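Using this note's numbering, the first residue of the sequence shown is number 19, and each one after it goes up by one. Virtual Cβ for every residue (Gly too), placed ideally from N, Cα, C. This one's a predicted model, so the numbers in the text were calculated from it and none came from an experiment.
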Amino acid sequence: QVQPVESGGGLVQPGGSLRLTCVASRSNFNKYVMSWYRQAPGKQRELVATIFTGQTTNYVDSVKGRFTISRDNAKNTVYLQMNSLKPEDTAVYYCNALNPQYIISWGQGTQVTVSA
Numbered sequence: 019q020v021q022p023v024e025s026g027g028g029l030v031q032p033g034g035s036l037r038l039t040c041v042a043s044r045s046n047f048n049k050y051v052m053s054w055y056r057q058a059p060g061k062q063r064e065l066v067a068t069i070f071t072g073q074t075t076n077y078v079d080s081v082k083g084r085f086t087i088s089r090d091n092a093k094n095t096v097y098l099q100m101n102s103l104k105p106e107d108t109a110v111y112y113c114n115a116l117n118p119q120y121i122i123s124w125g126q127g128t129q130v131t132v133s134a
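Structural data, given as structure tokens:
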């Protein structure tokens, strides 16, 4: 399995925005369920958002109304638009790809820091 590659993390002030990008180079990308997870220091990794093959999306309650997950199957890419960022959103964000055979691939992670 080819590892997904994330980008777009960085340092942003509270209330700011970032867009994370994950590229997963697979010929049948449109059949993958794609998710974003995050892990803050000293905490367990948590599921942030998922987008299914039919464009249905799910979000953890803490990001509903602020984050938007989307996908562009032609570009083998999934995005996480993060608005109204809070210090508690600070974490390493990971892209997760689940293929039709239920095999999971993880990206290397991208750091998001929300601080004044």
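Hey, could you find the ends of the beta strand (DSSP E) E24 is sitting in? For the purposes of this step, residue 24 is taken as residue 6 along the sequence shown, with counting starting at 1. First-last of the beta strand (DSSP E) with E24: 23-25.
F70 - partner residues in DSSP beta bridges: Locating residue 70 in the sequence shown gives position 52, where the first residue counts as 1. According to DSSP, F70 bridges with nothing at all.
Unbroken beta strand (DSSP E) run spanning S123, endpoints: As a first step, residue 123 must be located in the sequence shown, where it is residue number 105. Taken as a continuous stretch (DSSP letters only), the beta strand (DSSP E) holding S123 covers 122-124.
Would P32 and V110 qualify as a contact pair, given that the criterion is a beta-carbon distance under 8 Å? Residue 32 sits at position 14 when you count from the first residue of the sequence shown. Residue 110 sits at position 92 when you count from the first residue of the sequence shown. Contact flag unset, no.
Under 8 Å, with one C-beta from each stretch per pair, do the segment 117-131 and the segment 83-95 reach the 3-pair mark? no
If you compare alpha carbons, which of P118, V66, A134, K82 is closest to Y55? Here residue 55 refers to the residue found at position 37 of the sequence shown. The option with the nearest alpha carbon to Y55 is V66.
Is the beta carbon of G26 closer than 8 Å to that of L103? Position 85 of the sequence shown, counting from 1, holds the residue named residue 103. Position 8 of the sequence shown, counting from 1, holds the residue named residue 26. The answer is no: Cβ separation not under 8 Å.
Give the DSSP bridge partners of L29, in chain order. Position 11 of the sequence shown holds residue 29. According to DSSP, which records beta bridges pairwise, L29 is partnered with T131.
Could you spell out where the beta strand (DSSP E) holding R37 opens and where it closes? Here residue 37 corresponds to residue number 19 of the sequence shown, with the count starting at 1. Its beta strand (DSSP E) spans residues 36-41.
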